[in-house]
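*Asks:* Pasting a structure here, questions to come.
There are 2 protein chains.
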Amino acid sequence: MKTLTGNQQLVKQINKTLVLETILHEAPISRADISQKVGLNKGTVSSLVNELLEDQLIYESGPGQSSGGRRPVILLFNDKAGFSIGIDLGVNYILGVLTDLRGNIIVEVNKKLTVRSYEVVIEILQSVISDLINAAPQSHYGIVGIGIGVPGLVNNHGEVLVAPNLGWKNINLREEIENCFDIPVLIENEANAGAYGEKLYGAGKENDNILYISAGIGIGVGIILNGKLFYGMNGFSGEAGHMIVQVNGKDCTCGSSGCWELYASEKALLEEARKLKLTGITEETLSIELLLELANSGNEDIINLFHSIGMYLGVGINNIINIFNPEQVIIGNRLTMAKDWLEKSIEKFIKNHTMKYHQKDLIISFSKHAYYSAAIGVSAQMIDQFLNNAVSILDAQ
Amino acid sequence: MKTLTGNQQLVKQINKTLVLETILHEAPISRADISQKVGLNKGTVSSLVNELLEDQLIYESGPGQSSGGRRPVILLFNDKAGFSIGIDLGVNYILGVLTDLRGNIIVEVNKKLTVRSYEVVIEILQSVISDLINAAPQSHYGIVGIGIGVPGLVNNHGEVLVAPNLGWKNINLREEIENCFDIPVLIENEANAGAYGEKLYGAGKENDNILYISAGIGIGVGIILNGKLFYGMNGFSGEAGHMIVQVNGKDCTCGSSGCWELYASEKALLEEARKLKLTGITEETLSIELLLELANSGNEDIINLFHSIGMYLGVGINNIINIFNPEQVIIGNRLTMAKDWLEKSIEKFIKNHTMKYHQKDLIISFSKHAYYSAAIGVSAQMIDQFLNNAVSILDAQ
DNA sequence: TAAATTTGTTAGTATAATAAACAAACTAAT
DNA sequence: ATTAGTTTGTTTATTATACTAACAAATTTA
Chain A
1 MKTLTGNQQL
11 VKQINKTLVL
21 ETILHEAPIS
31 RADISQKVGL
41 NKGTVSSLVN
51 ELLEDQLIYE
61 SGPGQSSGGR
71 RPVILLFNDK
81 AGFSIGIDLG
91 VNYILGVLTD
101 LRGNIIVEVN
111 KKLTVRSYEV
121 VIEILQSVIS
131 DLINAAPQSH
141 YGIVGIGIGV
151 PGLVNNHGEV
161 LVAPNLGWKN
171 INLREEIENC
181 FDIPVLIENE
191 ANAGAYGEKL
201 YGAGKENDNI
211 LYISAGIGIG
221 VGIILNGKLF
231 YGMNGFSGEA
241 GHMIVQVNGK
251 DCTCGSSGCW
261 ELYASEKALL
271 EEARKLKLTG
281 ITEETLSIEL
291 LLELANSGNE
301 DIINLFHSIG
311 MYLGVGINNI
321 INIFNPEQVI
331 IGNRLTMAKD
341 WLEKSIEKFI
351 KNHTMKYHQK
361 DLIISFSKHA
371 YYSAAIGVSA
381 QMIDQFLNNA
391 VSILDAQ
Chain B
1 MKTLTGNQQL
11 VKQINKTLVL
21 ETILHEAPIS
31 RADISQKVGL
41 NKGTVSSLVN
51 ELLEDQLIYE
61 SGPGQSSGGR
71 RPVILLFNDK
81 AGFSIGIDLG
91 VNYILGVLTD
101 LRGNIIVEVN
111 KKLTVRSYEV
121 VIEILQSVIS
131 DLINAAPQSH
141 YGIVGIGIGV
151 PGLVNNHGEV
161 LVAPNLGWKN
171 INLREEIENC
181 FDIPVLIENE
191 ANAGAYGEKL
201 YGAGKENDNI
211 LYISAGIGIG
221 VGIILNGKLF
231 YGMNGFSGEA
241 GHMIVQVNGK
251 DCTCGSSGCW
261 ELYASEKALL
271 EEARKLKLTG
281 ITEETLSIEL
291 LLELANSGNE
301 DIINLFHSIG
311 MYLGVGINNI
321 INIFNPEQVI
331 IGNRLTMAKD
341 WLEKSIEKFI
351 KNHTMKYHQK
361 DLIISFSKHA
371 YYSAAIGVSA
381 QMIDQFLNNA
391 VSILDAQ
């Protein structure tokens with residue numbers, strides 16, 4: 001039974017976490033400054049800091065500048081007390097990163113995927129993880145967790161229920177990987193992963209209510225409310241790509257029709273481009289990258305096509321802004337490549353359609369880490385999990 | 001500065017609240033049962049219960065049944081320690097209720113509104129509140145708060161920024177009423193109020209992730225996540241009536257086009273009914289009530305019209321289910337009157353369009369308290385606020 | 001050189017939960 | 001009727017942890 005009652009351990013855990021987070025975000029900082037900043041007594045801070053030193057989660061780095069009295073002892077967060085792994089499992093690639101506890105990328109592994117069958121992909125995935133584990137420097141806590149972002153529906157138990165573009169169904173990925181490496185594993189939807197990456201390290205650092213639009217082959221939305229990912233009842237929140245923006249519109253593979261992603265995704269872009277019957281372009285060479293080149297060299301049809309996609313992105317973004325009243329919308333994933341061609345159309349549509357009060361103080365950005373958002377996002381989630389655990393478990397004895 | 005640190009008072013407040021809520025929800029109950037149930041030590045429970053007795057928030061009602069030993073002392077929540085006021089400020093009515101601390105309606109006041117100008121309405125509103133205050137029985141805490149649900153955009157400071165159907169703009173309603181009665185006042189959007197009412201006392205009792213669709217003249221959505229109302233950055237969340245479901249669709253007064261509420265609200269229903277040019281029906285007599293009579297007497301056109309409205313309700317509900325993955329959707333406000341004609345169309349649309357995994361375990365209901373949802377909802381919010389305050393302030397001395 | 005200031009530690013105090021013992025009130029078995 | 005066992009609620013002693021206040025060390029400033 002999970003206890004809901006208050007007690008001394010709870011108090012200590014709250015305060016120890018508070019001190020650790022203060023050091024994490026405000027370092028270099030002294031004990032006295034922490035006491036001042038968070039409102040804990042100097043003695044309390046001293047004793048919690050000493051525990052954190054023992055835990056090796058922080059370290060002292062000699063005396064700092066005096067401000068007219070005894071010189072303070074500078075405290076720093078121990079980035080390198082452990083490392084975390086984040087994997088972005090894409091439709092035709094695997095990107096793996098090893099990060100330190102501050103989320104800095106230490107090692108990166110890229111693999112192209114030519115096959116999508118589970119049996120093959122899982123082997124490549126395991127080899128990527130092995131490589132990253134082997135590449136990790138010696139540290140006190142070792143690899144603290146493995147996070148994996150997946151383009152599909154993931155439930156609360158880490159099972160991939162369905163990943164349409166991979167052709168996967170009902171795969172207990174978490175159990176599989178956890179058994180293999182004996183390290184805590186988190187399976188996360190790719191949009192959620194990206195959202196968290198941008199919230200912690202990217203365009204969303206300053207905000208706590210963020211909608212991250214993952215615009216790739218399909219469209220998914222990562223929802224961050226009050227600084228935390230929102231999952232819904234079973235973990236399926238954010239399937240905004242299947243919101244209907246055109247009643248009786250195009251048929252969708254999901255069984256519905258008129259879904260947003262049929263008009264505003266990479267899939268939509270390529271499909272419309274096909275209709276233009278461009279000379280010298282085959283099904284193999286057709287790609288966003290190519291369309292961007294054409295647009296950059298002045299092809300009006302393609303430019304208009306991007307504007308149309310931008311307009312339709314605006315439609316869906318308008319809808320979620322009116323529903324959520326977020327502080328920030330971040331557009332991420334593959335379509336960010338076309339930022340220069342999309343941005344104005346999106347902004348224009350929002351300006352002309354979204355409720356005026358909802359537009360006030362609203363920030364619309366493109367993802368900062370683009371390619372890395374999802375990988376560093378899941379890595380960060382494992383770090384959070386580890387630090388929370390560290391603070392509560394380590395003082396249990 | 002609001003303290004974020006943990007300390008003894010925090011622990012006590014958590015536990016005292018826990019004990020109070022247990023009594024509120026599980027009464028009649030003994031000290032021993034509480035200890036067993038929440039996991040607090042018997043002595044701790046005893047001392048907290050004694051404080052709550054002193055606060056008059058609970059009372060003892062003599063010995064209960066023995067289960068083979070000393071007979072327990074039965075504890076009950078003191079419903080009547082104070083009273084709360086909830087107002088539903090509609091477009092053409094004011095409904096006011098006085099409730100006890102359990103949300104039971106004690107007195108009810110109804111006023112028709114023929115005028116909408118702020119100056120007139122505010123006077124009627126004040127008289128309704130006065131009547132309710134005067135009708136309240138003598139009690140230890142008196143009137144603990146006044147909640148007012150308003151059909152418009154309300155910000156975090158209790159200002160009504162705009163209420164289109166009332167023709168109001170930038171009105172500091174909270175300050176006005178608070179100055180008048182010197183009792184804490186909460187101004188709440190009508191959809192949020194309804195959502196909370198249904199969550200606490202109605203169709204949503206069992207669930208913590210609920211979307212309440214307030215389908216009246218327009219459409220608003222009250223969003224309950226993890227058991228709490230979600231407000232967004234400025235308090236404007238839930239304007240789902242202005243989500244676009246038809247690109248380049250009908251023009252909306254909000255400046256956009258193709259908005260959901262143009263196809264699925266009471267406004268849409270009446271407009272479509274007008275187009276049917278029904279004999280013997282004037283602009284004055286046209287109403288949902290009348291259309292229901294016609295449908296009930298077998299008018300095919302009207303029946304089809306209701307089915308069409310139901311289908312369009314399904315479109316928007318589909319969208320928010322895919323986005324939120326909620327446990328429950330509750331349809332409330334005026335259109336609930338047409339439940340019998342709408343229900344099947346809505347369910348059919350959801351069944352055929354909404355993602356299969358999102359449909360699993362999903363509950364779609366109509367509001368239980370219909371006419372009263374909003375009024376008891378805001379009243380309940382004031383009760384919550386009062387009880388929270390009571391527990392933390394009363395032990396501060 | 002002395003006074004003032006800042007930092008970090010320590011000793012004692014306060015608060016609130018817990019464990020354990022206990023008394024009172026009751027049931028059930030003999 | 002007597003006795004044993006059970007349940008309830010209180011009390012006492014213990015424990016964990018934050019807080020207050022005093023203090024020493026280190027440093028700047030007058």
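Sequence order for the protein chains is A and B.
The letter at position 69 of the first sequence is residue 69 when you use UniProt numbering, and the numbering goes up by one with no holes.
The letter at position 13 of the second sequence is residue 13 when you use UniProt numbering, and the numbering goes up by one with no holes.
No residue lacks a Cβ here, since even glycine has one placed at the ideal position from N, Cα and C.
#1: In the DSSP assignment, the beta strand (DSSP E) including B/T99 goes from what residue to what residue?
#2: Using a Cβ-Cβ cutoff of less than 6 Å, which residues in the same chain neighbour A/W168 once the five nearest sequence positions on both sides are dropped?
#3: Using a Cβ-Cβ cut-off of 8 Å (strictly less than) and excluding sequence neighbours within five positions of A/R334, which residues of its own chain qualify?
#4: Compare the C-alpha of B/K348 against each of B/I317, B/I85, B/Q56 and B/T279 and name the closest.
#5: Using only CA atoms, which one of A/L10, A/A27, A/K368 and A/Q8 lies nearest to A/Y201?
#6: From A/Q397 to A/L53, what distance separates their C-alpha atoms?
#7: In chain order, which continuous runs of the beta strand (DSSP E) of length 3 or greater are located wholly inside the stretch 34-113 of chain A?
#8: Sort A/A191, A/T17, A/I148 and A/N207 by Cα distance to A/V185 and report the nearest one.
#9: Identify whether B/D340 lies in helix, strand or coil by the three-state DSSP scheme.
#10: Could you name each continuous alpha helix (DSSP H) segment of 4 residues or more that falls completely within the stretch 260-307 of chain B, going from the start of the chain to the end?
#11: Cβ atoms of A/N325 and B/G232: under 8 Å apart, would you say?
#12: What residue from B/E51, B/G69 and B/R31 has the CA that sits closest to B/F75's CA?
#13: Would you list the residues sitting across from B/G220 in a DSSP beta bridge?
#14: Can you tell me whether A/K2 is buried or exposed? The criterion is at least 16 other CB atoms within 10 Å of its CB, across all chains shown.
#15: Does the stretch 305-323 of chain A touch the stretch 239-248 of chain B, meaning 3 or more C-beta pairs lie closer than 8 Å?
#16: What is the DSSP secondary structure of residue 427 of chain B, counted as helix, strand or coil?
#17: Between A/A370 and chain B, is the shortest Cβ-Cβ distance under 8 Å, so that the two count as touching?
#18: From A/S127 to A/A380, what does the alpha carbon distance come to, in whole angstroms?
#19: What would DSSP say about A/D384, mapped onto helix, strand or coil?
#20: If you drop the 5 nearest sequence neighbours on each side, which residues of the same chain put their C-beta closer than 8 Å to that of A/D79?
#21: If we call anything under 8 Å between Cβ atoms a contact, is B/L387 one with B/L20?
#22: Just tell me which of B/H307, B/A370, B/E284 and B/N234 has its CA closest to the CA of B/A268.
#23: Nearest to B/N189 by alpha carbon, out of B/V49, B/V329, B/V154 and B/N209?
#24: Is the stretch 51-66 of chain B touching the stretch 104-113 of chain B, taking contact as three or more C-beta pairs under 8 Å?
#25: Looking only at DSSP bridge pairs, what is B/L186 linked to?
#26: May I ask which residues mark the beginning and end of the alpha helix (DSSP H) holding A/K16?
#27: Does the beta-carbon distance from A/Q359 to A/I346 come in below 8 Å?
#28: To which residues does DSSP link B/K228 through a beta bridge?
#29: Taking DSSP's pairing of strands, which residues face A/G332 in a bridge?
#30: I want to verify the contact list: residues of chain A whose CB lies under 7 Å from the CB of residue 483 of chain B, in sequence order.
#31: Using a Cβ cut-off of 7 Å, pull out every chain B residue sitting near A/A240, in sequence order please.
#32: Is B/Q359 helix, strand or coil when you go by DSSP?
#33: At which residues does the beta strand (DSSP E) containing B/I29 begin and terminate?
#34: Starting from A/V162, follow the beta strand (DSSP E) in both directions and report where the run begins and ends.
#35: With 16 as the cutoff for other CB atoms within 10 Å, does B/V120 come out buried or exposed?
#36: Indicate whether B/E239 and A/M355 have their beta-carbon atoms separated by less than 8 Å.
*Replies:* Quick look at the numbers:
#1: Y93 to D100
#2: Y118 and V160
#3: A215, G216, I217, E266 and I288
#4: B/I317
#5: A/K368
#6: Only weak support exists for where A/Q397 lies, its pLDDT of 45 falling under 50; the coordinates are left without a value.
#7: 58-63, 73-77, 83-89, 93-100 and 105-112
#8: A/I148
#9: helix
#10: 261-264, 266-275 and 288-296
#11: yes
#12: It is Leu, not Phe, that sits at residue 75 of chain B in the sequence shown. Checking every option, the nearest Cα to that of B/L75 belongs to B/R31.
#13: B/S214
#14: In this prediction, A/K2 has a pLDDT of 48, which is less than 50 and means its spatial position is unreliable; what the coordinates show is noted afterwards. Flag for A/K2 reads exposed.
#15: yes
#16: Past the edges of chain B, shown from 1 to 397, lies residue 427 of chain B, and the structure says nothing about it.
#17: no
#18: 21 Å
#19: helix
#20: D100, L101, R102 and N104
#21: yes
#22: B/H307
#23: B/V154
#24: no
#25: B/G147
#26: Q8 to E26
#27: no
#28: B/L225
#29: A/S214
#30: Residue numbering for chain B in the displayed model covers 1 to 397; residue 483 of chain B lies beyond these limits and cannot be assessed.
#31: N322 and I323
#32: helix
#33: Unbroken run through B/I29: none, as it is neither H nor E.
#34: V160 to A163
#35: exposed
#36: yes
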